[in-house]
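Trainee: Take the sequence shown: its position 247, counting from 1, is numbered 588 in our numbering, and each next residue is one higher. For each residue, glycine too, the CB sits at the ideal point set by N, CA and C. Mind looking over this structure? Questions follow.
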Amino acid sequence: MINYIAGVMTRPFIEINNLTFKRGERTIYEKLNLRVEQGKITAIMGPSGIGKTTLLRLIGGQLTPESGEILIDGKNIVEMSRAALYETRQRMGMLFQSGALFTDMSTFDNVAFPLREHTQLPESLIREIVLMKLEAVGLRGAAELMPSELSGGMARRAALARTIALDPELIMYDEPFAGQDPISMGVIISLIKRLNEALQLTSIVVSHDVQEVLSIGDYAYIIADKRVIAEGTPADLLASQDPQVQQFIRGEADGPVRFHYPAPDYVQELFYDQYNDFRLRT
């Protein structure tokens with residue numbers, strides 16, 4: 342689908358249409374629709390456990406949906422050959438929630454790993470690229486440190502440097518703010534924004550940290566109940582009067598999303614158990 346915004350023709354870099362995905366008998370997504378505009382930061386929010394990371398794996402082709410299509414730059418990733426899928430993945434970078442640094446490699450070698458693995462570049466050029474990427478995230482001076490010597494925020498930045506080593510067009514951030522102190526969180530927020538602008542990237546930020554992700558997102562989706570329940574600019578969502586949207590954004594305990602997991606009425610269940618115990622004794 343082509344969009345016309347302010348007279349400029351645009352096409353989404355990612356378009357998900359009527360996506361249904363199951364794990365066994367459990368339906369994670371049902372007829373999900375979502376678009377990621379090229380050159381923009383798209384935020385995907387929702388409660389823990391609703392499958393936000395699963396969605397990133399579907400976009401990356403690690404998982405296959407039951408039905409629907411996932412278009413990457415106009416091509417359906419579900420129908421790609423193995424070779425085409427490999428080429429498409431080369432255009433993507435993924436920042437894992439854990440960082441996933443190799444603990445037995447220095448920071449430098451962690452960033453150099455994808456370059457050594459996927460290119461035939463000489464070591465002298467790899468060194469220049471690695472130092473350039475580390476400089477971009479403020480860690481050139483930490484190149485020789487081991488992951489165990491890095492703080493949590495520094496480790497996340499080192500992982501980001503590795504993510505951009507191959508100059509991807511798309512970066513997917515899986516809970517990038519999780520476990521970060523306020524200063525480290527501010528640094529990562531700034532980095533995501535600056536890198537997206539400087540490298541002309543398309544970014545997807547998956548998070549349940551509402552204020553942080555809305556501060557950098559150009560467009561945002563809230564997913565719950567297997568589908569998109571709200572979408573719009575950050576201003577649109579903040580102004581929404583939808584009770585479920587407001588409960589999520591404000592972090593309210595009371596609202597459409599219940600505290601208790603669905604279960605039979607407690608009093609009735611207790612009475613039923615006592616009645617059965619009585620019958621067994623008599």
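Apart from the five residues on each side of it in sequence, which residues of its chain come closer than 8 Å, Cβ to Cβ, to F518?
Mentor: Closer than 8 Å at the Cβ level, and outside the excluded window around F518, lie M526, I529, I530, S548, D550, E553 and V554.
Trainee: Mind the definition here: the region 445-464 touches the region 494-514 only if three or more C-beta pairs lie below 8 Å; say whether that holds.
Mentor: Contact holds: three or more Cβ-Cβ distances are below 8 Å.
Trainee: Which value, in whole angstroms, describes the spacing of the CA atoms of A499 and F437?
Mentor: 12 Å
Trainee: Quick one: give me the first and last residue of the alpha helix (DSSP H) that E428 is part of.
Mentor: R423 to R430
Trainee: Considering only residues of the same chain and omitting the five flanking positions on each side of G520, which have a CB-CB separation below 8 Å?
Mentor: G493
Trainee: Does DSSP put F518 in a helix, in a strand, or in coil?
Mentor: coil
Trainee: Give every residue of the same chain whose Cβ lies closer than 8 Å to the Cβ of E407, excluding the five residues on either side of it in the sequence, and list them in chain order.
Mentor: Answer for E407: T361, F362 and K363, listed in chain order.
Trainee: Tell me, to the nearest whole angstrom, how far the beta carbon of I292 is from that of V586; I am working on the premise that it is less than 8 Å.
Mentor: Residue 292 is absent from the structure shown; the chain starts at 342 and stops at 623.
Trainee: Round the Cβ separation of V419 and I545 to the nearest angstrom and send it over; I've been treating them as touching at under 8 Å.
Mentor: Contact doesn't hold; Cβ gap of about 18 Å is too wide.
Trainee: With DSSP collapsed to three states, give me the class of H601.
Mentor: Bear in mind that a pLDDT of 46 at H601, under 50, signals an unreliable position, so the number given afterwards is only what the model happens to contain. Three-state DSSP puts H601 in coil, outside helix and strand.
Trainee: Give the range of the beta strand (DSSP E) segment to which F354 is assigned.
Mentor: F354 -> beta strand (DSSP E) spans P353 to R364.
Trainee: Apart from the five residues just before and just after I398, which ones in its own chain have a Cβ nearer than 6 Å to its Cβ?
Mentor: Here residue 398 turns out to be Arg, not Ile, going by the sequence shown. So the qualifying residues of the chain are L404.
Trainee: Throw me the rounded Cβ distance for the G558 and T383 pair, which I believe falls under 8 Å.
Mentor: 7 Å
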